Amino acid sequence: MPVQAPVQLQSIADRVEIAPGVLMPRLGMGTWRAEAGSETEEELLAGLDLGFRGIDTAAIYGNEDSVGRSIREARVPREEIFVATKVWNSDQGYRPTLDAFDAGLGRLGLRYVDLYLIHWPQPRRTLDTWRALEEIHHAGRARAIGVCNFLPEHLDELLSFANVPPAIDQVELHPLLPQTELRAYCDAHGITVQAWSPLMRGAVVRVPELVKIGMRHGKTVAQVALRWILQNGVTTIPKSVHRSRLAENAAVFDFELSSEEMETIDALQDERRVGADPKMIARLSPFMRFVKPPR
Ligand code: NDP
């Protein structure tokens, strides 16, 4: 069941306006578990060469410096590349967030980022963290600001005091976890949804119904999953450190899933997660609570 107006998809250059005048690629590149150094740099240079223009990183991924190096090495003007990074849990709060942003921008070696995100909801600190994000945004150092892993209840709270509303909510979303309610909420509040783990970290290739649909179109399961996400008006950031898979993930603009196929995929939902559940935030693993990003 689509919860957003149907989107016209044309090419990897497609963008969506997430905040006034800020256009974000609908399909970008993730970098979680891309090792700092040559692995991240080769991924991003290959991806930029293939036409990707969106890059998602985070302080906790430990690869912001490599992301920055790739951007400087690429033969693509900085203003064409959309860079998003995130403030980690241990850095939330007003002053710590401002400091964490400065450090991240330093590692990236950039003058500004296109999007700065709260990585996980930390409800008691959201107000102070958001004030810092608004200040960073007003100073022109983050063209847009947003959140990750916020449930409607977290967004309700944030919207009750935000002067600048969140541009996006980046959440786990894939064929087995379509996030229908959250998408409806975000649609109603003008917040763009972005899917993380769109390929279920690779496990999506084992979903038989997607194999069948893929065969009908001469496409891989990964391509079917990404196309389903994009046709639903959701943006996404699949990660691969292999050029061949980057090319595969980019080649999703030359076929269309029928409404029956979209419905078949919608019906696969079983609330399966490959990552942490924001509902369990209070009980999240020690990693989530105590690990700190590099300085
Ligand atoms: P993905 O669903 O993007 O899957 C990545 C995995 O799938 C990798 O192991 C990759 O392997 C493999 N893969 C990539 N393309 C293909 C393909 N065409 N066929 C088969 N396997 C493939 O998972 P992620 O968890 O990485 O999510 C994407 C991005 O979202 C992250 O990289 C990160 O930037 C962001 N994210 C944000 C979170 C948040 O809390 N805000 C949480 C988690 C992720 P290989 O690299 O070896 O090709």
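In this text, residue positions in the sequence shown follow our numbering: the first is 7, and each later residue adds one.
All C-beta atoms, glycine included, are put in the ideal place defined by N, C-alpha and C.
These numbers were taken from a predicted model, which means no experiment stands behind them.
Buried versus exposed call for residue i [16 or more other C-beta atoms within 10 Å across all chains shown]
i    : result
E70  : buried
S72  : buried
R84  : exposed
V9   : Any reading at V9 is ruled out, since the residue's pLDDT is 48, under 50, leaving its predicted position unreliable.
E178 : buried
R212 : exposed
H248 : exposed
G99  : buried
F167 : exposed
E267 : buried
K218 : exposed
P12  : exposed
M206 : buried
M4   : Beyond the ends of the chain as shown, which are 7 and 301, falls residue 4; an answer cannot be given.
D276 : exposed
R32  : buried
E86  : exposed
G112 : exposed
M7   : Because M7 carries a pLDDT of 44, less than 50, the predicted location of this residue cannot be relied on, and the following value inherits that uncertainty. M7 comes out exposed.
E47  : buried
G162 : According to the sequence displayed, residue 162 carries Asp and not Gly. Flag for D162 reads exposed.
Q229 : buried
For residue i, the nearest candidate out of the options (CA to CA)
i    : options                : result
F58  : V210, V82, C154, E178  : V82
V170 : G68, H143, E267        : H143
R75  : Y100, G36, E49, S96    : E49
A194 : L123, A173, S203       : A173
P127 : K285, K245, Q275       : K285
N155 : Q16, C192, A148, L182  : C192
V297 : G115, T46, G68, L56    : G68
R189 : E85, L157, T132        : L157
A273 : P184, L111, A228       : P184
V227 : Q237, E215, L236       : E215
A25  : G196, R222, V247       : G196
R301 : D283, G110, I287       : G110
A148 : A256, H125, F107       : F107
G208 : V240, N255, T186, M221 : N255
A282 : R101, L29, R251, S203  : S203
W234 : S250, R101, S265       : S265
G115 : E79, L165, A138, A150  : E79
A40  : V280, A65, I18, Q229   : A65
E45  : K245, I287, P299, R279 : K245
Q16  : R278, L236, D276, I271 : L236
L232 : R222, R101, A257       : A257
I18  : E47, L54, G36          : L54
H223 : L263, T270, S96        : L263
V280 : L182, I243, H125       : L182
G239 : T186, P299, G220, M221 : T186
R137 : L121, R101, D120       : R101
D20  : L121, F88, G220        : F88
G36  : E269, I287, I243       : I243
S38  : L121, I77, H125        : Looking at the sequence itself, residue 38 is Trp, so the reference to Ser does not match. Of the listed residues, the one whose Cα sits closest to W38 is H125.
P299 : D97, E140, T270        : D97
I287 : L121, N95, S250        : N95
Beta-carbon separation (whole angstroms), residue i vs residue j, contact threshold 8 Å
i    : j    : result
I61  : G34  : 6 Å
P129 : H180 : Not quite, the Cβ-Cβ distance comes to about 26 Å (not below 8 Å), so this is no contact.
T135 : V93  : 7 Å
Y118 : G146 : 6 Å
D175 : V210 : Actually they are not in contact, since the Cβ atoms of D175 and V210 sit about 21 Å apart, beyond 8 Å.
K225 : F259 : About 11 Å; that fails the 8 Å criterion.
A90  : L123 : 6 Å
T241 : V22  : 6 Å
L56  : A201 : About 20 Å separates the two Cβ atoms, so there is no contact after all.
T132 : L164 : 6 Å
Any C-beta of chain D under 9 Å from that of residue i
i    : result
A273 : No chain D is present in this structure, which holds just one protein chain.
### Task
Run through the region 87-158 for me and flag every whole alpha helix (DSSP H) of 4 or more residues, listed as ranges in chain order.
100-114, 132-144
### Message
Which runs of the alpha helix (DSSP H) at least 4 residues long sit entirely within the region 181-246? Give them in chain order.
### Response
186-194, 214-223, 227-237
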